[in-house]
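Report on one structure; see the data block that follows.
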Amino acid sequence: MNIFRLAGDMTHLASVLVLLLKIHTIKSCSGVSLKTQELYALVFATRYLDIFVTYVSFYNTVMKLIFLGSSFSIVWYIRRHRVVRRSYDKDQDTFRHLFLLLPCLVLALVINEKFTFKEVMWTFSIYLEAVAILPQLVLLQRTRNIDNLTGQYVFLLGAYRALYILNWIYRYFTEEHYVHWITWIAGIIQTLLYADFFYYYFQSWKNSVKLELPA
Amino acid sequence: IDADSLKDEL
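Protein chains in written order, with our numbering: chain A, 7 to 221; chain B, 549 to 558.
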């Protein structure tokens with residue numbers, strides 16, 4: 007475990023906790039895309055299929071349980087919580103899951119390292135994670151008005167991706183030189199999706215004005 | 549070379 011990987015995991019954890027705490031304390035999920043949250047829950051469920059079979063470390067198991075628990079809790083809050091669900095803006099969050107799910111599934115069936123159920127599911131989760139943020143970004147563009155916590159959530163997620171790329175670069179030079187095309191390309195695409203958001207995030211930060219995305 | 553070496557990530 008290197009410093010980039012640890013920092014990446016911590017920003018990832020922080021992003022999820024920021025979102026969960028926002029929803030839990032202010033009892034509102036305005037500005038949060040349920041579609042993105044459902045996709046993340048599916049990402050974790052398909053990636054951690056072997057959570058109770060393959061043991062890597064105590065750290066890994068605990069983190070996996072936290073990601074699974076938090077992502078399904080967020081979905082539960084938005085769909086089922088008596089108060090929270092009223093703040094969900096269904097009419098704005100219209101991105102179709104299937105447009106992302108189907109291509110990822112097809113791609114995972116075609117491009118994978120091993121054609122086994124576990125491996126295809128793992129690859130599917132990598133592809134899906136790369137694009138799962140799209141409904142959230144579309145929702146932000148559409149509503150334009152972003153509260154601080156939602157902005158921080160997306161910023162932390164982007165930071166996690168950027169740190170993971172540094173982690174792969176570090177690992178490439180310090181460990182065996184195996185080229186992980188699937189993970190790298192999906193990871194780079196995922197990080198690029200945040201570039202536009204980052205631009206406006208830093209602009210608003212520099213000028214200390216409220217974050218607003220252009221329509 | 550371990551093809552699974554990134555599987556220890558989250």
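Where is the CB? At the ideal position from N, CA and C, for every residue including glycine.
Bear in mind the structure is a predicted one, so any value in this text is a computation, not a measurement.
By the Cβ rule, the segment 114-122 of chain A does not count as touching the segment 83-100 of chain A, because fewer than three pairs are nearer than 8 Å.
Residues are counted here when their Cβ sits less than 7 Å from a Cβ of chain B; for the segment 178-207 of chain A these are Glu181, Glu182, Tyr184, His186 and Thr189, given in chain order.
Between the segment 50-57 of chain A and the segment 72-83 of chain A there are three or more inter-stretch CB-CB distances shorter than 8 Å, so the stretches are counted as touching. Counting only residues of its own chain and dropping the five nearest sequence neighbours on each side, Val38 (chain A) has no CB closer than 6 Å to any other CB.
Selection A:Val24, A:Gln43, A:Thr67 and A:Ser214 evaluated against His103 (chain A) yields A:Gln43 as nearest (Cα-Cα).
In terms of Cα proximity to Lys41 (chain A), the closest of A:Gln209, A:Leu145, A:Val160 and A:Ala165 is A:Leu145. Listed by position along chain B, the residues whose Cβ is nearer than 9 Å to that of Phe73 (chain A) are Leu558.
By the 16-neighbour rule on beta-carbons within 10 angstroms, Arg167 (chain A) is buried. For the pair Ser214 (chain A) and Tyr206 (chain A), the Cα-to-Cα distance works out to about 12 Å. Shown here for Asn8 (chain A): same chain residues with a beta carbon closer than 8 Å to its own, the five before and five after excluded, namely Asn173, Tyr176, Arg177 and Thr180 in chain order. Cβ-Cβ distances below 6 Å link Phe73 (chain A) to Phe50 in the same chain, with the five nearest sequence neighbours on each side left out; the list follows chain order. Here the segment 148-155 of chain A makes no contact with the segment 54-73 of chain A; the two share fewer than three CB pairs at distances below 8 Å. The DSSP-derived three-state label of Glu135 (chain A) is helix. For Ser131 (chain A), the number of other beta carbons within 10 angstroms of its own is at least 16, and it is reported as buried. Put simply, the backbone Cα of Val24 (chain A) is about 21 Å away from that of Gln196 (chain A).
Contact between Leu554 (chain B) and His186 (chain A) is confirmed by a C-beta separation of about 5 Å, below the 8 Å threshold. A residue is called buried when at least 16 other Cβ atoms come within 10 angstroms of its Cβ; Val90 (chain A) meets this threshold and is buried. Within 7 Å of the CB of Val62 (chain A), the CB atoms of chain B belong to Asp556, in sequence order along the chain. By alpha-carbon distance to Ile188 (chain A), the top candidate from A:Thr129, A:Phe208 and A:Leu140 is A:Thr129. For Ser93 (chain A), the closest C-alpha among the options A:Leu134, A:Cys35 and A:Leu140 is that of A:Cys35. Within chain B, Leu558 have C-beta atoms less than 7 Å from the C-beta of Met69 (chain A), given in sequence order. Counting only runs of 4 or more residues that sit fully inside the segment 59-99 of chain A, the alpha helix (DSSP H) segments are 64-86, in chain order. Collapsing the DSSP output to three states places Glu182 (chain A) in coil.
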